[in-house]
Amino acid sequence: MRGLGPGLWERLHRPGSALQLAFLRAALGGYLLVLYRAPMLGYLHELTLPRFYGMTWSVLPGGFERFLYVSAMPALHVVGIVATAAMTVGLATRASTIAATVCWVLQFDVYYRMTKSHVDWPYWNVILLVLCCAHAGDRLSLDALIRRRRGVVITRNPQVYRWPVELCAAWIALVYVAAALAKLLPLRAGIEWLGGAMLHHVVTTFHYDSPVYWMTGAPLFDYSLRWPFCALSVAAVLVELAAALVLFQQRANLAIMLAIMTMHLGVYLTTGVIAFLYSGAVCLLFFSSPEWFRDCPRAEAGA
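Using the working numbering, the first residue of the sequence shown is number 262, and each one after it goes up by one.
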């Protein structure tokens, strides 16, 4: 794949873009603020159960989780929103990112453990941890504005802006590959998925909630036919597996981004489930190349 650009290891040693890293920090922070508005979080804060009941396994001690549930959730919610907002605008960026990460992980651990509801919080945990270690506040931030007003100039090796983006992109690519494997394994479930039965069930179940129905009052096509669902199911797996190419090349990233966003858009149009469209858009921003940003050193950056 040499003709498609350098692999991950080589890219990690290339210069990056402070502007790109700052933009990704702000985009992720803005999206997390939207997720903080989820009605389910408010419901959990108001719900009083006789005891905390975890429906899944967790590395956190049970006593600590009970303390979070009984005493700390409202405070985590408020502090999390404030810290995430500060991270988004780049105020005390390193400290606010660490605080936002801690509040996010602890709060959504309790949320997920009590509900087993599908949420995308595990996807963001790794990205937040990477941003905690990155110099993500050097551009597009109040920190940068304050430094400029004080006449403080910071000069860093451009490579420090590259590795956080590449690691996050690799993580997101692996998440999509894992989603494909989850459809294929175990083998019996994979055969059912590739046959289109699962996708047919989802689309027909949510048909009356879909934008297609709102706009046309009719299905997108004849839903009694099974072969379109079979073809779409196979296509979804291939698109998700294609995300692995991000690890080995760079020039096809835009095509991969468009294919994945088309898949998420199709899910929204046929089911009304928009969460994947939002989270996918934020995730795929990490597939963008630093060379697309004007501050990335051109002399050393290869395609």
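Backbone N, C-alpha and C fix where the C-beta goes; we use that ideal spot for every residue, glycine too.
Nearest-angstrom Cα separation, counted from residue j out to residue i
i: R400; j: L455; result: 46 Å
i: S550; j: N418; result: 18 Å
i: Q511; j: A536; result: 27 Å
i: A503; j: W553; result: 22 Å
i: R555; j: Q420; result: 15 Å
i: R275; j: R423; result: 7 Å
i: D483; j: A496; result: 19 Å
i: H461; j: A520; result: 21 Å
i: E453; j: A443; result: 12 Å
i: M476; j: F284; result: 35 Å
i: A492; j: L515; result: 23 Å
i: A450; j: V463; result: 15 Å
i: L486; j: F467; result: 17 Å
i: A439; j: I359; result: 27 Å
i: V426; j: A361; result: 19 Å
i: W318; j: E326; result: 12 Å
i: P447; j: A513; result: 30 Å
i: A505; j: Q281; result: 22 Å
i: V534; j: L445; result: 22 Å
i: L406; j: C394; result: 21 Å
i: L546; j: M459; result: 29 Å
i: L481; j: S494; result: 16 Å
i: T465; j: M524; result: 17 Å
i: T354; j: G457; result: 46 Å
i: I433; j: R409; result: 34 Å
Where residue i falls: helix, strand or coil (DSSP)
i: F490; result: helix
i: R417; result: coil
i: S550; result: coil
i: P425; result: helix
i: W318; result: coil
i: L368; result: Residue identity check: residue 368 is Gln in the sequence provided, not Leu. Correct three-state label for Q368: helix.
i: H396; result: coil
i: Y437; result: helix
i: L446; result: coil
i: I535; result: coil
i: P383; result: helix
i: A336; result: helix
i: P480; result: coil
i: S485; result: coil
i: P558; result: coil
i: G451; result: helix
i: A431; result: helix
i: A344; result: helix
i: P276; result: coil
i: G266; result: coil
i: A299; result: coil
Under 7 Å between C-beta atoms of residue i and residue j
i: C544; j: S278; result: no
i: G341; j: C364; result: yes
i: L202; j: Q368; result: In the structure as shown, the chain begins at 262 and stops at 564. Residue 202 is therefore absent and cannot be evaluated.
i: A431; j: L273; result: no
i: V473; j: L538; result: no
i: V371; j: Y330; result: yes
i: V507; j: F548; result: yes
i: L403; j: G351; result: yes
i: M348; j: G290; result: yes
i: A344; j: S357; result: yes
i: V528; j: A441; result: no
Given residue i as reference, the closest of the options once Cα atoms are compared
i: I415; options: G451, H396 and S540; result: H396
i: L265; options: L526, I517 and K444; result: I517
i: S471; options: L526, A497 and R374; result: L526
i: F509; options: F325, L435 and R355; result: L435
i: L392; options: C429, A505, M334 and R449; result: C429
i: G323; options: M375, S540, A287 and P300; result: M375
i: V339; options: R298, T354, Y373 and V320; result: R298
i: Y437; options: S540, Q281, V295 and L296; result: S540
i: Y373; options: L294, L546, L321 and E271; result: L321
i: M334; options: T354, V366, A346 and R355; result: V366
i: P383; options: T354, R355, L293 and T523; result: L293
i: A542; options: M522, Y469 and T354; result: M522
i: A346; options: F490, T532 and V295; result: V295
i: W385; options: G412, P300 and R286; result: R286
First and last residue of the uninterrupted alpha helix (DSSP H) at residue i
i: Q281; result: A279 to L296
i: R272; result: L269 to L273
i: G457; result: Where G457 is concerned, there is no enclosing alpha helix (DSSP H), given that its DSSP letter is neither H nor E.
i: R408; result: L403 to R411
i: L352; result: Neither: L352 is in no alpha helix (DSSP H) and is coded neither H nor E.
i: H525; result: N514 to T532
i: R327; result: G323 to F328
i: P472; result: P472 to T477
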